[in-house]
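Here the UniProt record's numbering is used: the first residue of the sequence shown is 1, the next is one more, and so on. Worksheet for the structure shown next.
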Amino acid sequence: CSFGMGVEVVEIGDDVLDVCVRPDGRSLRDCRPACLRRGAIDCALGSATVRLGQSIFVAGVQACVTEVLPEIPTRGHVEVTVELPPLCSSLFKERNRSAAQCHFLSQTLTDVLNHTSVIDTQQLDIQAGESFWVLKVQIVCLNFDGNAFDACMLAALAALEDTHLPALVPGNLVPEAQGATRLVMTTIETSSAVTRRRRLTLRSRPLPASFVRLPNGAWAADPCSAEEDSGGSVCLCFVSGRWLVFHQGGGASKDQFMMDLMPAARSMVASFTELLNAE
């Protein structure tokens, strides 16, 4: 697939909304073409680039060693940071808008990926009860045309599935220990698992499905940037057999979720599963 950039600004007219056909010709439940490529960043432990329509996001994973301290979690975990720089879209020249969106995306993805059904944090232990890996997932938007939630979740998942934890040598100091009062020394008793390079494994994949409510009341899947400005939105995530709603505005009722949006959301999840499995 191509990861070339460029977004054409369009306006949504009433004539388009009346017939439930969108500016790019899609029906309400159609999603844009999606592309995924792992291993996009050589210097990262894991990385991926995702394209949904004209939206392009790249994710990279780095790891730092942290000691168990009273003010921080006692196990390894994932921290996600999302950046929407002004260069990716003129929409983010206003700092407040960018900051609010980045905070929502960063916090939501961090919460989801640290769920016990998604990742077994025990595999991040270096010395049980003493030190562990913290995986930092940095996601940057290269080109923005809507649906950042789905694109960021897919990019983070693909990058984590591409991640290999570094091998540590017993008796050596771990370099670049962060958040620690001293450099961490791996002892001879250190688990043999951390002395070899190994792939990070996920227990399950949290898969997204986002919709926007158009001015005529219809709900559209995989919204482009112009559509996101037209009304309320909802971001769903399928985690270990359960549907979670992380952001909602626009008043979709429970019955509407079950009868209207859920079949489309299941179709999106199936499509994203195929995308992740194919790469």
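All C-beta atoms in this analysis are idealised placements derived from N, C-alpha and C, irrespective of residue type, glycine included.
Same chain, Cβ closer than 6 Å to residue i, neighbours up to 5 away in sequence not counted
i	result
C224	D145, G146
R29	A221, A264
C141	F57, L84, C88
K136	Q62, E79
residue 285	It is not possible to answer for residue 285, since the shown part of the chain is limited to 1 through 279.
R205	L157
L244	C237
G217	none
Chain-order list of residues whose beta-carbon lies under 7 Å from that of residue i (same chain, five-residue window excluded)
i	result
E130	E67, V68
A44	G60, V61, Q62
W133	A63, V65, G76, L124, I126, L165
H115	V239
V269	L207, A209, F238
D260	W219
A40	S47, A48, T49, V58
With 16 other Cβ atoms within 10 Å as the buried cut-off, status of residue i
i	result
A151	buried
P86	exposed
G53	buried
R242	exposed
A99	exposed
M153	buried
S233	buried
Selected residue, minimal CA-CA separation from residue i, among the options
i	options	result
R32	R22, I41, A40, R38	R22
Q101	V112, H115, V82	V82
N143	L91, L168, A128	L91
Nonlocal neighbours in the same chain, by C-beta distance under 8 Å from residue i, ignoring five residues either side
i	result
E228	G146, N147, V212
F149	L105, T108, P208, S210, C235, F246, H247
D120	T201, R203
M262	W243
R97	L91
Straight-line gap, residue i to residue j (C-alpha atoms, nearest Å)
i	j	result
D222	T273	16 Å
W219	A264	10 Å
residue 309	K93	Since the first residue of the chain shown is 1 and the last is 279, residue 309 is not available in this structure.
V118	V239	8 Å
R38	G231	34 Å
T163	S47	7 Å
A278	R198	22 Å
C237	L160	17 Å
R95	P215	26 Å
T110	Q138	11 Å
T49	R266	23 Å
H103	L276	26 Å
G179	R196	With a pLDDT of 40 at G179, under the threshold of 50, the modelled position of this residue cannot be trusted; read the value that follows with caution. Roughly 24 Å separates the two Cα atoms.
P70	A128	15 Å
S271	D42	28 Å
A167	S55	35 Å
G25	Q122	47 Å
Residues bridged to residue i (per DSSP)
i	result
P208	C237
G25	The partner list for G25 (beta bridge, DSSP) is empty, contrary to what the question assumes.
L109	Its beta-bridge partners do not exist; DSSP assigns none.
D125	F132
L165	R198
T49	R37, V58
H77	V134
V118	BP columns for V118 are empty, so no partner.
E94	BP columns for E94 are empty, so no partner.
A264	None, per the DSSP bridge assignment.
T221	Checking the displayed sequence, the identity of residue 221 turns out to be Ala instead of Thr. Note: A221 sits in a beta bridge opposite F211.
A63	L135
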